[in-house]
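Okay, so the sequence shown: first residue is 6 according to our numbering, each after it adds one.
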Amino acid sequence: LDIEARDVDLVYEYVGQVSASREVEIRARVTGIIEKRHYKEGSEVKEGSLLFQLEPSFYEVQMAQAQAELASAEAELKRAEREYNRIRGLTSKTLVSQNEIDEAESMRDLAQASVMLAQARVKSAKINLDYTRVTAPIDGIAGRALKVEGGLAEAGNDSLLTTLAQINPVYVDFGVSESEQLGIRRDLREGSVVLPPEGFQVTLFSSGGMLLAQQGKLEFQDYKIDSRTGNFAMRATFPNEEGLLAPGQFVKVELRGAVRSNAIVLPQRAVLDDPQGQFVYLAAGGDNGQVVAMKRPVQVGQWVNNANGIERAWIIRSGLEPGEAVVVDGSARIFFPGMPLAPTPYTPGEPKPAAEN
Numbered sequence: 006l007d008i009e010a011r012d013v014d015l016v017y018e019y020v021g022q023v024s025a026s027r028e029v030e031i032r033a034r035v036t037g038i039i040e041k042r043h044y045k046e047g048s049e050v051k052e053g054s055l056l057f058q059l060e061p062s063f064y065e066v067q068m069a070q071a072q073a074e075l076a077s078a079e080a081e082l083k084r085a086e087r088e089y090n091r092i093r094g095l096t097s098k099t100l101v102s103q104n105e106i107d108e109a110e111s112m113r114d115l116a117q118a119s120v121m122l123a124q125a126r127v128k129s130a131k132i133n134l135d136y137t138r139v140t141a142p143i144d145g146i147a148g149r150a151l152k153v154e155g156g157l158a159e160a161g162n163d164s165l166l167t168t169l170a171q172i173n174p175v176y177v178d179f180g181v182s183e184s185e186q187l188g189i190r191r192d193l194r195e196g197s198v199v200l201p202p203e204g205f206q207v208t209l210f211s212s213g214g215m216l217l218a219q220q221g222k223l224e225f226q227d228y229k230i231d232s233r234t235g236n237f238a239m240r241a242t243f244p245n246e247e248g249l250l251a252p253g254q255f256v257k258v259e260l261r262g263a264v265r266s267n268a269i270v271l272p273q274r275a276v277l278d279d280p281q282g283q284f285v286y287l288a289a290g291g292d293n294g295q296v297v298a299m300k301r302p303v304q305v306g307q308w309v310n311n312a313n314g315i316e317r318a319w320i321i322r323s324g325l326e327p328g329e330a331v332v333v334d335g336s337a338r339i340f341f342p343g344m345p346l347a348p349t350p351y352t353p354g355e356p357k358p359a360a361e362n
């Protein structure tokens with residue numbers, strides 16, 4: 006294979022996991038017996054839909070009591086205001102003392118405060134009564150009910166009734182290793198890699214290679230390394246109208262759109278390993294005009310598709326120059342550097358010779 010430098014479309018591949026874009030816990034906010042569950046487990050519910058009804062009679066009594074206290078306070082306020090107005094009317098006739106006027110004004114103010122307190126109690130009782138109706142705060146898929154009819158729901162530590170997850174859109178979380186992230190930053194700084202101006206095209210595949218989604222958007226990249234994994238956390242968002250993506254599902258994430266300029270690419274089988282590292286055999290000129298095998302250490306980069314779009318290939322970061330010729334097939338028959346060769350042209354996409362299999 007005669008080496009030449011060309012622009013290569015890069016594909017960054019990672020293992021990701023799907024998660025709900027929003028997941029909320031549905032909890033009882035007052036204590037009561039569960040009267041009825043109003044949703045089907047695992048079904049889609051709309052925001053505001055009734056999920057659980059707690060037995061409301063205790064809170065209805067509290068509400069009635071608070072309303073009665075409010076009515077009594079309002080009546081007392083009216084009486085105090087009448088008394089205050091009556092005494093104020095006698096002031097000009099000097100029939101009452103200043104002390105009596107002050108006392109009437111204080112009684113009116115106390116009655117006003119009692120009304121305000123009773124109004125607050127009515128509002129509190131109404132809130133508690135409304136909390137006996139447990140509704141969905143968002144659109145989503147309702148999970149398994151953790152309490153059944155007749156069970157006691159307690160506000161506090163034992164309040165969880167179910168969960169609700171929004172799965173359209175969904176998040177896909179994945180991580181980029183520290184070494185890869187540093188390598189990408191170095192390439193960008195050197196100008197050897199150009200990122201897509203409108204952002205990566207994010208595509209998802211199942212573990213079996215089936216295309217799941219290809220309209221994703223990369224929306225989050227953490228600024229620090231996760232101490233547990235050693236990776237930079239990344240997140241992409243995908244629409245999920247058909248429900249093909251489920252929370253907890255493992256997927257393969259591909260980021261496309263970046264380009265490495267003037268890259269040298271070799272088929273996978275051309276790159277060999279020994280205790281000193283990775284190397285290739287060059288077809289080089291030897292004595293007497295012969296072509297001989299010359300060992301050359303190389304530093305490889307990431308995987309890419311070769312020119313034919315089928316073969317997997319290495320990007321060679323260093324060790325080779327355009328114009329040199331690399332041995333692709335037949336390396337197993339090279340027993341020592343300097344061995345004479347009878348090279349034939351390499352055609353990308355051709356199967357390996359039988360002797361190499």
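Cβ atoms here follow ideal geometry from the backbone N, Cα and C, with glycine treated the same way.
Nearest to residue i (by Cα), restricted to the options the options
i, options, result
"residue 128", "103, 117, 323 and 75", "75"
"residue 225", "275, 204 and 184", "204"
"residue 141", "227, 48 and 239", "48"
"residue 339", "322, 317, 297 and 320", "297"
"residue 162", "259, 30 and 124", "30"
"residue 341", "287, 326 and 293", "287"
"residue 190", "324, 159, 237 and 112", "237"
"residue 44", "36, 57 and 32", "57"
"residue 334", "87, 229 and 348", "348"
"residue 122", "106, 79 and 102", "79"
"residue 216", "250, 239 and 233", "250"
Residue i to residue j span [Cα, whole Å]
i, j, result
"residue 364", "residue 235", "Since the first residue shown for the chain is 6 and the last is 362, residue 364 is missing from the structure and cannot be characterised."
"residue 89", "residue 65", "36 Å"
"residue 241", "residue 262", "15 Å"
"residue 278", "residue 285", "9 Å"
"residue 350", "residue 304", "24 Å"
"residue 91", "residue 77", "21 Å"
"residue 282", "residue 302", "7 Å"
"residue 289", "residue 345", "10 Å"
"residue 330", "residue 18", "30 Å"
"residue 180", "residue 336", "36 Å"
"residue 272", "residue 309", "9 Å"
"residue 332", "residue 185", "29 Å"
"residue 137", "residue 73", "21 Å"
"residue 313", "residue 270", "With a pLDDT of 48 at residue 313, under the threshold of 50, the modelled position of that residue is not reliable, and no figure is offered here."
"residue 156", "residue 40", "8 Å"
"residue 133", "residue 167", "20 Å"
"residue 63", "residue 71", "13 Å"
"residue 213", "residue 193", "33 Å"
"residue 228", "residue 182", "13 Å"
"residue 135", "residue 83", "31 Å"
Beta-carbon spacing of residue i, residue j below 9 Å
i, j, result
"residue 328", "residue 8", "yes"
"residue 245", "residue 12", "no"
"residue 221", "residue 207", "yes"
"residue 265", "residue 139", "no"
"residue 68", "residue 152", "no"
"residue 52", "residue 147", "no"
"residue 306", "residue 320", "yes"
"residue 322", "residue 145", "no"
"residue 42", "residue 159", "no"
"residue 116", "residue 93", "no"
"residue 23", "residue 257", "no"
"residue 276", "residue 169", "no"
Residue-chain proximity (residue i, chain D), Cβ-Cβ < 9 Å
i, result
"residue 36", "Here there is only one protein chain, and chain D is not present."
Nearest-angstrom Cβ-Cβ length linking residue i and residue j, presumed shorter than 8 Å
i, j, result
"residue 38", "residue 59", "7 Å"
"residue 25", "residue 143", "The Cβ separation is near 10 Å, so there is no contact."
"residue 16", "residue 259", "5 Å"
"residue 177", "residue 255", "Wrong, their Cβ atoms sit about 10 Å apart, outside the cutoff."
"residue 85", "residue 113", "4 Å"
"residue 200", "residue 32", "No, residue 200 and residue 32 are not in contact; Cβ-Cβ is about 44 Å, not under 8 Å."
TODO: Could I get the ranges of all uninterrupted beta strand (DSSP E) runs contained in the stretch 173-218, with 3 residues as the minimum, in chain order?
DONE: 206-210
- [ ] Let me know the beta strand (DSSP E) ranges lying completely inside the stretch 31-55, each 3 residues or longer, listed in chain order.
- [x] 37-42
Task: Segments assigned beta strand (DSSP E), at least 3 residues, entirely inside the stretch 45-130 - done: 55-59
Open item on the list: For a minimum of 3 consecutive residues, which ranges assigned as the beta strand (DSSP E) are wholly contained in the stretch 249-320?
Closed with: Correct list: 255-272, 277-279, 282-290, 296-302 and 304-310.
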